[in-house]
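The next block holds one structure in the form of structure tokens; read it before the comments.
Chains as they are written, first to last, in our numbering: chain A, 171 to 407; chain B, 171 to 407.
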């Protein structure tokens, strides 16, 4: 099947953000190198991100009430700072550091790829990040979203079906008219289970330059692309 | 006080949409002239819009459950069609006509004014229209939002305080760091009561070319501008 046949009828492309569109690991490493050069930035970025799924699980289990990712990031940050010799950071410094997630850099292909895809499709975020975070990030990095959708809108984190089906509902479409674009197979599997189309994006350096991520194709995804420009090529944009 | 002093500290401009950024009356009149020329388009547009506030009031009173504006528009449409000799319209025709609210034309100054304001501020919608409607409208009309916020996000219609305060909360700002831009004094009064700054935009032809709306300045608003380019002038954008 050709790529355009695999995407027949699709009107909306919904994008995972952290890792798929922006380079969270490299951005945090750079900021730490500038502002806290005594810290192992790669280990710090990895530790911060490692707290993310467990923190969301506490919300989804009901142990914590509904919580924005900004606040989950801050809880994890406060937890890991002593381990990295940064227990002395005061409130303004912690607040500033926590906002690094609003200042993540796009992968080199993201702005061009999204701009091309936007000509033919409605492009939106579908991230567990909160709306303010995603909007500030987009404004700084030049990401040209038609619409910023978030777990915050649906009050559920991915891979909860309410998020994937929520995109279809917002645009009054069938699930198969929406394609999730992501660099994570578990996210894509969640979308596929709800009837969405899926496109996998290779991001071998998502977890840092030290360890290439396995980006081999897995069955089930409609499309598999090296980056967002390659996706635009496949979709004829 | 100068305009820039009146807006000191403002980071986000939130825009009312129907009437303020797009010309609902003129757009519906044009579409009716093309597709249903036997109908008095101006009377039809006015009747449709007149059902809007009462329909929202039924939701906010609890008589109706939470309902998207697309669905409220459809209820009102079904109600008024017989009065205009259009009771014969079938389901696809009604569905198409109802989507005219996604196809509203921007006022002539809107795209340029928003593009200028976006350089200095985060610009978002704050409309009772649903997210899909606002996104489709923006894509067609070229409205360059940083973020699409809606009653749908806050599950409350303006002038409920949850909407105005919701914008400040989404961006982690104080209410006075957000300015509502609108052509309706009741909307602006609701925002002001929540501590937001306010800018009134003159739209004398909002209700049609037959009846100029009174656009004289009223006390309480921080800014008063002829259109969005004039607002950009005042704010030094």
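Positions of the beta carbon are idealized from the N, C-alpha and C atoms, including for glycine.
Nearest residue (CA-CA) to residue i, options the options
| i | options | result |
| --- | --- | --- |
| residue 333/B | 311/B, 308/B and 366/B | 366/B |
| residue 276/A | 307/A, 385/A and 318/A | 307/A |
| residue 359/A | 232/A, 251/A, 250/A and 328/A | 328/A |
| residue 342/A | 200/B, 269/B, 407/B and 375/B | 269/B |
| residue 180/B | 279/B, 348/B, 339/B and 190/B | 348/B |
| residue 175/A | 401/A, 403/A, 407/A and 392/A | 392/A |
| residue 218/B | 230/B, 249/B and 193/B | 249/B |
| residue 214/B | 194/B, 406/B and 232/B | 194/B |
| residue 385/A | 364/A, 190/A, 278/A and 340/A | 190/A |
| residue 199/B | 211/B, 205/B and 173/B | 211/B |
| residue 311/A | 345/A, 388/A, 241/A and 192/A | 192/A |
| residue 390/B | 381/B, 357/B and 406/B | 357/B |
| residue 364/B | 338/B, 388/B and 320/B | 338/B |
| residue 240/A | 301/A, 281/A and 207/A | 301/A |
| residue 178/B | 344/B, 370/B and 381/B | 344/B |
| residue 331/A | 230/A, 282/A and 272/A | 230/A |
| residue 243/B | 340/B, 204/B and 303/B | 303/B |
| residue 205/A | 326/A, 263/A and 271/A | 263/A |
| residue 324/B | 236/B, 305/B and 225/B | 236/B |
As assigned by DSSP and simplified to three states, the class of residue i
| i | result |
| --- | --- |
| residue 274/A | coil |
| residue 258/A | coil |
| residue 371/A | strand |
| residue 251/A | helix |
| residue 366/A | coil |
| residue 382/B | coil |
| residue 225/B | helix |
| residue 206/A | coil |
| residue 178/A | coil |
| residue 394/B | strand |
| residue 420/B | Missing from the structure shown is residue 420/B; chain B here goes from 171 to 407 and no further. |
| residue 191/B | coil |
| residue 237/A | coil |
| residue 404/A | helix |
| residue 200/B | helix |
| residue 354/A | coil |
| residue 360/B | helix |
| residue 387/B | coil |
| residue 232/B | coil |
| residue 377/A | coil |
| residue 161/A | Here chain A has residues from 171 to 407 only, and residue 161/A is not among them. |
Contact set for residue i: own chain, Cβ-Cβ below 8 Å, skip 5 residues either direction
| i | result |
| --- | --- |
| residue 209/A | 202, 254, 255 and 256 |
| residue 196/A | 275, 375, 378 and 379 |
| residue 259/B | 251 and 267 |
| residue 309/A | none |
| residue 224/A | none |
Cutoff 7 Å; reference residue i; Cβ partners in own chain excluding five residues on either side
| i | result |
| --- | --- |
| residue 361/A | 334, 350 and 368 |
| residue 314/A | 284, 285 and 288 |
| residue 396/A | 372 |
| residue 404/B | 173, 393 and 395 |
| residue 407/A | 286, 287, 289 and 290 |
| residue 279/A | 397, 398 and 399 |
| residue 322/B | 238, 300 and 301 |
Spatial neighbours of residue i in its chain, beta-carbon cut-off 6 Å, leaving aside the 5 residues before and after
| i | result |
| --- | --- |
| residue 234/B | 228 |
| residue 317/B | 294 |
| residue 221/B | 246 |
| residue 382/B | 374 |
| residue 272/A | 303, 306 and 307 |
| residue 226/A | 327 |
| residue 402/B | 283, 286 and 287 |
| residue 387/A | 394 |
Neighbouring residues, chain D, relative to residue i (Cβ below 9 Å)
| i | result |
| --- | --- |
| residue 341/A | Looking for chain D here will not work: the only protein chains present are A and B. |
- Evaluate the contact criterion for the region 285-298 of chain A versus the region 171-188 of chain A: three or more CB pairs, one atom per stretch, below 8 Å. yes
- Message: Tell me whether the region 344-361 of chain B and the region 172-184 of chain B touch, counting them as touching only if at least three CB pairs, one residue from each stretch, are closer than 8 Å.
- Response: yes
- Query: Which runs of the alpha helix (DSSP H) spanning at least 4 residues fall entirely within the region 263-351 of chain A, listed in chain order?
  - Reply: 280-290, 301-311, 321-324 and 331-340
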